[in-house]
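*Asks:* For the sequence shown, this note's numbering begins at 63 and goes up steadily by one. Quick reminder that beta carbons are idealized off the backbone N, C-alpha and C, glycines included. Dropping a structure here in structure tokens format, bear with me for questions.
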Amino acid sequence: GDLSRTQVQKPGLLGGDGGELLAAGERDRHRHVTGEQLALPAKREARAVVRVSPVGARIVFSTEDNGMVPLYQSFLNSQVSIIRSTPVMQRVLENPKTQATEWYRDSPRSIFGAPLSTMERLLTDLVVMPRLNTELIDVAIATQNARDAKVIADIVVDEFRRYSEEVLEQADITDTEHF
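Take a look at the structure:
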């Protein structure tokens, strides 16, 4: 698919119908504990956008001979699942740039039970959602440090791209072997 790198952008400018610049935004996330009203540190969010198209534009786009593929939304949702899959997330965590972030190095302490593993924290902090009626998937993560959020969002997109290319390459090899 066609991928976009993240860029820092002012809050509130990301969104819309997909016709805007594919970019990343930051915004504060404030959470409060009710009762004691103990405020947790603000989190910064970075967003990356992935444009996903199946191989062969003729399959996806309407022409005189075919119609719009009715299962495209299923395909898009499958790509969301692949982005959040163990192989992709493991690659993100093994990436030296991820390991250099404060988010990776400074595991938060838990006041309730055992702390989450790094994989569990990544899956908790990462939000991956398809944009309605588009070929776009938003990849967002909130961390204490805006730079860390941008780095990790970029790595998620890069590792998804690499993984997808390897899977397609392997499928081509398998198809070739059958002939």
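Could you pull the DSSP bridge partners for GLU107 from this structure?
*Replies:* GLU107 is bridged to ALA204.
*Asks:* Can you confirm whether the stretch 222–237 touches the stretch 156–167 when touching is taken to mean that 3 or more C-beta pairs between the two stretches lie within less than 8 Å?
*Replies:* No, they do not touch.
*Asks:* Quick one: using the 10 Å Cβ neighbour count with 16 as the cut-off for buried, is THR186 buried or exposed?
*Replies:* Burial call: exposed.
*Asks:* Could you give the first and the last residue of the continuous beta strand (DSSP E) run that contains LEU188?
*Replies:* Note, LEU188: beta strand (DSSP E), 188–192.
*Asks:* For VAL218, tell me which candidate among ALA176, SER143, GLN135 has the shortest Cα-Cα distance.
*Replies:* Residue SER143 is the option with its Cα nearest to VAL218.
*Asks:* If you draw a straight line from the C-alpha of ALA233 to the C-alpha of ASP216, how long is it?
*Replies:* Going from the Cα of ALA233 to the Cα of ASP216 covers about 26 Å.
*Asks:* From the DSSP output, read off the bridge partner residues of ARG167.
*Replies:* Partner(s): none; ARG167 has no beta bridge.
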